[in-house]
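All residue numbers for the sequence shown refer to the numbering used here, where the first residue is 63 and numbers rise by one. Heads up, the beta-carbon is just placed ideally off N, CA and C, and yes, glycines get one too. Here's the structure we're looking at; comments come further down.
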Amino acid sequence: MSTLWGTHSISAKLMRMNFLVSATALVLASVSFLGYDAYSFRQNLLRSLHMEAQIIGSNCVTPLLFDDHMAARSTLQALAGSPEVVSATIVGADGRPFAEYTRGDAAAIAVTTPLNPGVNEQQWKLGNQMLLASRIQLQGKTLGTVYILAETGEVGQRARRYVLLVLLVLLICLGLALLVTASLRRVIAGPIVGLAKIAQKVTKEKDYSIRASPPVTQDEISVLVNSFNEMLGQIQARDQALLESRDVLEQRVTERTAELQAANREMEAFSYSVAHDLRGPLDALGNATFMLRHSQFTGMDEATRDLLLMLPRMTERMSSLIDDLLNLSRSKSAPLHLEPVDLCTIARTICEELVKDHPERRVELDLCTRAMAIADQGLMRVMMANLLGNAWKYSSKVAMPKIEFGTRQENDETVFYVRDNGAGFDPGLKDRLFKPFERLHTQSEFSGTGVGLATVQRIIARHGGRIWAESAVDHGATFSFTLGNANVSEK
Numbered sequence: 063m064s065t066l067w068g069t070h071s072i073s074a075k076l077m078r079m080n081f082l083v084s085a086t087a088l089v090l091a092s093v094s095f096l097g098y099d100a101y102s103f104r105q106n107l108l109r110s111l112h113m114e115a116q117i118i119g120s121n122c123v124t125p126l127l128f129d130d131h132m133a134a135r136s137t138l139q140a141l142a143g144s145p146e147v148v149s150a151t152i153v154g155a156d157g158r159p160f161a162e163y164t165r166g167d168a169a170a171i172a173v174t175t176p177l178n179p180g181v182n183e184q185q186w187k188l189g190n191q192m193l194l195a196s197r198i199q200l201q202g203k204t205l206g207t208v209y210i211l212a213e214t215g216e217v218g219q220r221a222r223r224y225v226l227l228v229l230l231v232l233l234i235c236l237g238l239a240l241l242v243t244a245s246l247r248r249v250i251a252g253p254i255v256g257l258a259k260i261a262q263k264v265t266k267e268k269d270y271s272i273r274a275s276p277p278v279t280q281d282e283i284s285v286l287v288n289s290f291n292e293m294l295g296q297i298q299a300r301d302q303a304l305l306e307s308r309d310v311l312e313q314r315v316t317e318r319t320a321e322l323q324a325a326n327r328e329m330e331a332f333s334y335s336v337a338h339d340l341r342g343p344l345d346a347l348g349n350a351t352f353m354l355r356h357s358q359f360t361g362m363d364e365a366t367r368d369l370l371l372m373l374p375r376m377t378e379r380m381s382s383l384i385d386d387l388l389n390l391s392r393s394k395s396a397p398l399h400l401e402p403v404d405l406c407t408i409a410r411t412i413c414e415e416l417v418k419d420h421p422e423r424r425v426e427l428d429l430c431t432r433a434m435a436i437a438d439q440g441l442m443r444v445m446m447a448n449l450l451g452n453a454w455k456y457s458s459k460v461a462m463p464k465i466e467f468g469t470r471q472e473n474d475e476t477v478f479y480v481r482d483n484g485a486g487f488d489p490g491l492k493d494r495l496f497k498p499f500e501r502l503h504t505q506s507e508f509s510g511t512g513v514g515l516a517t518v519q520r521i522i523a524r525h526g527g528r529i530w531a532e533s534a535v536d537h538g539a540t541f542s543f544t545l546g547n548a549n550v551s552e553k
């Protein structure tokens with residue numbers, strides 16, 4: 063757009079086009095006229111020389127018959143009235159010059175070229191001159207030949223005059239081209255340049271309310287400008303509709319967000335209420351079971367004793383399910399309190415608790431010494447407790463159980479992992495791992511509620527990370543995860 067008014071502008075192109083067309087037409091016309099003029103001049107000269115040769119030949123029959131050189135020269139002197147004739151010579155039948163004529167100090171014709179046999183008249187081009195030869199005959203007998211030499215230099219003079227005239231006309235055409243270009247610029251280039259300015263302004267400012275002024279004339283340019291304005295109007299209307307849709311969408315998002323927040327608060331209150339209301343009856347049931355076992359156990363039959371012994375396990379399972387549901391609810395709705403957290407310290411604390419609760423087990427623990435992350439400490443503890451608890455549980459049936467926790471670098475990203483050498487799982491079922499209440503092992507194989515890994519995934523997602531698992535049946539499992547805002551240093 064910077065060259066709109068430079069050497070590549072429409073006005074300059076129109077001026078060059080007009081001048082080129084005019085100059086080309088003028089040159090072609092001049093060359094054609096000059097060629098035709100040269101041809102016409104040569105033909106006229108030949109006709110004139112032919113007539114003069116015939117007249118001289120007719121007037122020289124008698125002098126040739128009576129060998130009257132004076133009369134022949136007198137006849138040739140009539141050529142003085144033809145300014146283009148330079149000289150003339152009459153050659154007798156014996157081939158010797160009979161009479162001569164020269165204009166001023168011009169040299170006489172050196173006759174060296176006889177006529178071809180059977181030809182009565184012949185001409186030759188000698189540079190800027192033309193030589194005409196015509197036989198003088200009487201009753202079919204050749205008495206001699208007249209040679210007339212004429213100049214054709216006037217053709218060159220005419221050509222020079224035409225060239226000067228063409229140059230003058232070209233200058234006039236250039237002036238006319240400038241005038242026509244100025245007029246065309248107002249009619250054609252002006253609206254197009256204005257349209258280009260508007261397009262540049264719209265592109266730069268993104269203001270689609272601008273309109274180009276249409277020309278007065280109803281032509282293709284007017285259609286172009288009107289179409290451009292119509293396009294701007296459509297874009298403006300579309301943008302306005304998008305803005306209105308965005309405002310409506312933002313309003314709906316705000317309303318739905320408020321509804322979801324209210325629903326989450328209600329769900330959280332309901333979860334706490336359910337947990338509190340369920341724990342009271344569970345505690346009462348546990349106390350009643352304890353009293354029955356210590357007061358009436360010996361007087362019961364075997365079936366009643368089995369039921370009484372099963373009640374504590376069911377109570378414990380119900381309490382674990384309540385805890386898992388509360389953790390699942392908190393992982394989604396609890397506010398994040400981000401702070402520096404050492405995940406290795408949390409892992410060691412959880413593993414110490416597991417060892418204390420299960421002193422009969424011997425498990426090899428391989429834990430990193432330090433892994434700092436910016437995260438919510440409470441949620442990190444819930445997440446690590448689920449991952450390490452699963453590793454502890456699913457490695458309980460191997461001879462030499464081992465649990466690892468550490469970090470590694472992958473593509474400039476810190477990856478945390480928990481690995482065990484326990485039962486593992488079928489890799490084809492890994493899509494079910496992080497769904498609530500989905501279990502890959504039966505209750506008789508390994509106890510659990512099927513909520514822990516779903517809680518883990520939600521906690522990691524809230525921290526901007528991701529989790530995935532790799533495993534094979536009876537070859538352990540590795541759970542790897544990232545934290546989007548983790549800043550880890552390991553020693």
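Measure how close the beta-carbons of A212 and N80 come, nearest whole angstrom, since I'm counting them as under 8 Å. By one-based count along the sequence shown, residue 212 stands at place 150. By one-based count along the sequence shown, residue 80 stands at place 18. About 44 Å separates the two Cβ atoms, so there is no contact after all.
Option nearest D269 by Cα separation, candidates V255, S284, I297, K492: For this step, residue 269 is matched to residue 207 along the sequence shown. With distances taken between Cα atoms, D269 lies closest to I297.
If you follow the alpha helix (DSSP H) that D419 is part of, which residue opens it and which one closes it? In the sequence shown, counting from the first residue as 1, residue 419 sits at position 357. Its alpha helix (DSSP H) spans residues 405 to 419.
Are M446 and L416 closer than 8 Å when you measure CB to CB? Looking up residue 446 in the sequence shown gives position 384. Looking up residue 416 in the sequence shown gives position 354. Contact: no.
Which residues in the same chain have their Cβ closer than 6 Å to the Cβ of A453, if we skip the five residues on either side of it in sequence? What you label residue 453 is simply residue 391 of the sequence shown in a count that begins at 1. Closer than 6 Å at Cβ, skipping near neighbours: I465, V480, D482.
Closest to Y209 by CA distance: which of R165, L127, V153 is it? Within the sequence shown, numbered from 1, the residue matching residue 209 stands at position 147. It is V153 whose Cα lies nearest to the Cα of Y209.
Tell me whether D129 sits in a helix, a strand or coil according to DSSP, three-state version. Position 67 of the sequence shown, counting from 1, holds the residue named residue 129. Reduced to three states, the DSSP call for D129 is coil.
What residues in its chain sit with their C-beta under 8 Å from that of K459, if we drop five residues either side in the sequence? Here residue 459 refers to the residue found at position 397 of the sequence shown. Contacts found: G484, A485.
Selected residue, minimal CA-CA separation from K492, among K455, T469, A534: For the purposes of this step, residue 492 is taken as the residue at position 430 of the sequence shown. Minimum Cα distance to K492 is reached at A534.
Less than 8 Å separating the beta-carbons of G119 and S196? Against the sequence shown, residue 119 aligns to sequence position 57. Against the sequence shown, residue 196 aligns to sequence position 134. Cβ atoms of G119 and S196: closer than 8 Å.
Please determine, among Q519, V123, L257, the residue with the shortest C-alpha to C-alpha distance to G202. In the sequence shown, residue 202 corresponds to position 140, counting from 1. Out of Q519, V123, L257, V123 has the C-alpha closest to the C-alpha of G202.
Hey, how far is the Cα of S284 from the Cα of G546? What you label residue 284 is simply residue 222 of the sequence shown in a count that begins at 1. What you label residue 546 is simply residue 484 of the sequence shown in a count that begins at 1. Their Cα atoms are separated by approximately 58 Å.
Beta-carbon separation of T175 and R104 under 8 Å? As a first step, residue 175 is located in the sequence shown; it is residue number 113 there, counting from the start. As a first step, residue 104 is located in the sequence shown; it is residue number 42 there, counting from the start. For T175 and R104, no; Cβs fall outside 8 Å.
Could you tell me whether the stretch 254 to 272 touches the stretch 90 to 108, using the rule of 3 or more Cβ pairs below 8 Å? no
Cβ-Cβ separation, A150 to G206 (assumed contact under 8 Å), whole Å: Residue mapping note: residue 206 aligns to position 144 of the sequence shown, counting from 1. Residue mapping note: residue 150 aligns to position 88 of the sequence shown, counting from 1. Contact doesn't hold; Cβ gap of about 12 Å is too wide.
Return the residue from the list M353, E267, T544 that minimises the CA-CA distance to N473. By 1-based counting over the sequence shown, the position of residue 473 is 411. Answer by Cα proximity: T544.
Do you know whose CA, among P145, D130, Q185, lies nearest P159's CA? Here residue 159 is taken as the residue at index 97 of the sequence shown, counted from 1. It is D130.
How about A133 and P125: are their beta carbons less than 8 Å apart? Here the question's residue 133 lines up with position 71 in the sequence shown. Here the question's residue 125 lines up with position 63 in the sequence shown. A contact, by the Cβ cut-off of 8 Å.
Return the Cβ separation of M192 and Q184 in integer angstroms, given the expectation that the two are a contact with Cβ distance under 8 Å. Stepping through the sequence shown from its first residue, residue 192 is reached at position 130. Stepping through the sequence shown from its first residue, residue 184 is reached at position 122. Contact doesn't hold; Cβ gap of about 11 Å is too wide.
Below 6 Å CB to CB, which residues in the same chain sit around L294 once its five sequence neighbours on both sides are set aside? The residue given as residue 294 occupies position 232 in the sequence shown. So the qualifying residues of the chain are Y270.
Among D438, L427, A409, H420, which has the Cα closest to the Cα of L400? What you label residue 400 is simply residue 338 of the sequence shown in a count that begins at 1. Closest option to L400, Cα to Cα, is D438.
Would you call the CB atoms of F487 and S542 closer than 8 Å? Counting from one through the sequence shown, the residue named residue 487 turns up at place 425. Counting from one through the sequence shown, the residue named residue 542 turns up at place 480. For F487 and S542, no; Cβs fall outside 8 Å.
Same chain only: Cβ atoms within 8 Å of L450, ignoring 5 sequence neighbours per side: For the purposes of this step, residue 450 is identified with residue 388 of the sequence shown, where counting begins at 1. Around L450: A409, I412, C413, L416, I465, F467, V480.
Taking DSSP's pairing of strands, which residues face P489 in a bridge? Within the sequence shown, the letter at position 427 stands for residue 489. P489 is not bridged to any residue.
Which stretch, first to last residue, makes up the beta strand (DSSP E) that contains A435? Translated into positions along the sequence shown, residue 435 becomes position 373. Residues 434 to 438.
My guess is that A161 and L127 are in contact by the Cβ rule of under 8 Å, so how many angstroms apart are they, rounded? Taking the sequence shown and counting its residues from 1, the one referred to as residue 161 is at position 99. Taking the sequence shown and counting its residues from 1, the one referred to as residue 127 is at position 65. Between L127 and A161 the Cβ distance is about 14 Å, and since that is not below 8 Å, they are no contact.
Can you tell me whether R424 is helix, strand or coil according to DSSP? On the sequence shown, residue 424 is found 362 positions in, with the first residue counted as 1. Reduced to three states, the DSSP call for R424 is coil.
Starting from P463, follow its DSSP beta bridges and name the residues at the other end. Residue numbering aside, residue 463 sits at position 401 when the sequence shown is read from its first letter. Paired residues: none, contrary to the question.
Give the DSSP-derived three-state secondary structure of G295 in the structure shown. Taking the sequence shown and counting its residues from 1, the one referred to as residue 295 is at position 233. DSSP places G295 in helix when its eight states are reduced to three.
What residues in its chain sit with their C-beta under 6 Å from that of I529, if we drop five residues either side in the sequence? Counting from 1 along the sequence shown, the entry for residue 529 is found at position 467. Hits under 6 Å: Q519, I522, F543.
I need the boundaries of the alpha helix (DSSP H) containing I522, first residue and last residue. In the sequence shown, the residue the question calls residue 522 occupies position 460. Run containing I522: 514 to 524, per the alpha helix (DSSP H) assignment.
On a Cα-Cα basis, can you pick out the residue from A115, S136, Q219 that is closest to I198? Position 136 of the sequence shown, counted from the first residue, corresponds to residue 198. Closest by alpha carbon: A115.
Three-state secondary structure assigned by DSSP to K497: Here the question's residue 497 lines up with position 435 in the sequence shown. K497 falls in the coil class under three-state DSSP.
On the CB-based measure, 16 or more other CB atoms within 10 Å of its CB, does G526 come out buried or exposed? As a first step, residue 526 is located in the sequence shown; it is residue number 464 there, counting from the start. Exposed, by the Cβ-count rule.
CB of V148 within 8 Å of CB of R135, strictly: As a first step, residue 148 is located in the sequence shown; it is residue number 86 there, counting from the start. As a first step, residue 135 is located in the sequence shown; it is residue number 73 there, counting from the start. No.
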